[in-house]
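Please read the structure below before turning to the comments.
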Amino acid sequence: MIRVAICDENNKTLEKLEKLIKNTLGNEVSVSTHDNVFSLVTYVCDERKGKLDAVYIDINSGQKGGIAAAESLQKEYPNIKIIFLSDDIERAKDIFRINPIYFLTRPYEEDYVKDSLYKIIQIVDEDNAELLTIGNPESRKGDSVVLLKDIYYIESQKRVINIHYYDGFSTYYYKLDEVEKKLKNNFLRTHQSFIVNLDKVKKLVNDGLLLYGGTIVPISRSRYKDVVGTVSRYLNIGEEA
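Sequential numbering of the sequence shown, starting at 1, is according to the UniProt record's numbering.
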């Protein structure tokens, strides 16, 4: 099942889009509808804690517009896919700093709504296919499997590693050097005891990397220059630290 939210101040088109989405995916989709930005943000941040696959949002929603709201949500929860809604195709040029996955114009056409949903499913499936398998030689439970996209950072403590997620962590008898070999290029060793998922980095700060959620992962002196350079290029920013 995928979870989506819709924000459209026009109740008629809001109901129309909800109906098209449910007609397409049936029981395979959960839809939450909102006629204002405050309601949407409250739902995403307070109720779902960012655990959502996609947001359909009207470009003109709210006092600052849907683009600003989408940018704020995407910065806090990079996993959420954004689909913009508008009456005017010309507004498409305003949205691409947000990196949306789709743009729907009114009146909504069923084929395009379906295409947007299939795009969401494709990306979610790709994310879910990227797994980290960890053998636990001192456990009788066998290998453990972790979704790479869920990992915020990995910390080594003596004979174990702690894999940290948005709202918790899991512990394994494993070496950080060994788990590093299994990770993709968006993971970076910042310290002898830490590996960070670059997709979860909000910004560089003086004492390390600030992650979405508020954790600061340290950078060792020996790795500082390389880490700052890599993170700056990955985030496409100047060196702030």
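Built from N, CA and C at the ideal position, the CB exists for glycine as well.
Everything numeric in this text was worked out from a predicted model, so none of it was measured.
CB of residue i within 7 Å of CB of residue j, strictly
{"i": "S86", "j": "E9", "result": "no"}
{"i": "P100", "j": "F84", "result": "yes"}
{"i": "L176", "j": "S156", "result": "yes"}
{"i": "Y212", "j": "K200", "result": "yes"}
{"i": "H191", "j": "S220", "result": "yes"}
{"i": "L132", "j": "L117", "result": "no"}
{"i": "T105", "j": "I89", "result": "yes"}
Span separating the alpha-carbon of residue i from that of residue j
{"i": "L198", "j": "Y224", "result": "15 Å"}
{"i": "D58", "j": "I6", "result": "8 Å"}
{"i": "V37", "j": "G135", "result": "45 Å"}
{"i": "N11", "j": "D115", "result": "23 Å"}
{"i": "E130", "j": "N23", "result": "30 Å"}
{"i": "Y112", "j": "V205", "result": "42 Å"}
{"i": "S30", "j": "V4", "result": "6 Å"}
{"i": "K19", "j": "L25", "result": "10 Å"}
{"i": "S32", "j": "I154", "result": "33 Å"}
{"i": "L73", "j": "V55", "result": "9 Å"}
{"i": "F169", "j": "Y152", "result": "10 Å"}
{"i": "residue 264", "j": "I67", "result": "Outside the modelled stretch of the chain, which goes from 1 to 241, sits residue 264, for which no answer is possible."}
{"i": "L40", "j": "R159", "result": "44 Å"}
{"i": "R140", "j": "D150", "result": "At R140, the pLDDT of 48 sits below 50, so the modelled position is not reliable; the number obtained from the coordinates is stated separately. Each residue's alpha carbon lies about 24 Å from the other."}
{"i": "L14", "j": "D35", "result": "8 Å"}
{"i": "E28", "j": "M1", "result": "4 Å"}
{"i": "K64", "j": "I98", "result": "15 Å"}
{"i": "I21", "j": "D167", "result": "30 Å"}
{"i": "L209", "j": "V231", "result": "9 Å"}
{"i": "K16", "j": "A69", "result": "22 Å"}
{"i": "E71", "j": "G214", "result": "18 Å"}
{"i": "Y234", "j": "E110", "result": "37 Å"}
{"i": "S193", "j": "D127", "result": "26 Å"}
{"i": "E180", "j": "T42", "result": "37 Å"}
{"i": "G229", "j": "P218", "result": "15 Å"}
{"i": "N186", "j": "V44", "result": "25 Å"}
{"i": "N236", "j": "E178", "result": "29 Å"}
For residue j and residue i, believed in contact at Cβ under 8 Å, the rounded distance
{"i": "D207", "j": "I216", "result": "6 Å"}
{"i": "K75", "j": "Y102", "result": "Not really, about 19 Å apart at Cβ, beyond 8 Å."}
{"i": "residue 243", "j": "L188", "result": "No answer is possible for residue 243: it lies beyond the span of the chain, which begins at 1 and ends at 241."}
{"i": "Y173", "j": "S144", "result": "No, Y173 and S144 are not in contact; Cβ-Cβ is about 11 Å, not under 8 Å."}
Could you say if the stretch 114-123 and the stretch 159-175 meet the contact criterion of at least three C-beta pairs nearer than 8 Å? no
Give a yes or no on contact between the stretch 41-58 and the stretch 67-81, applying the rule of three or more CB pairs nearer than 8 Å. By the Cβ criterion, the stretch 41-58 is in contact with the stretch 67-81, since at least three pairs of Cβ atoms, one from each stretch, lie closer than 8 Å.
Unbroken stretches of the beta strand (DSSP E), 3 residues or longer, contained in the UniProt domain "HTH LytTR-type" (145-233): 153-157, 160-165, 168-172, 187-191, 194-197, 201-205, 208-211
Unbroken stretches of the alpha helix (DSSP H), 4 residues or longer, contained in the stretch 52-125: 66-76
Ignoring anything shorter than 4 residues or poking outside the stretch 23-55, list the alpha helix (DSSP H) runs there in chain order. Listed in chain order, the complete alpha helix (DSSP H) runs (minimum 4 residues) inside the stretch 23-55 are 37-42.
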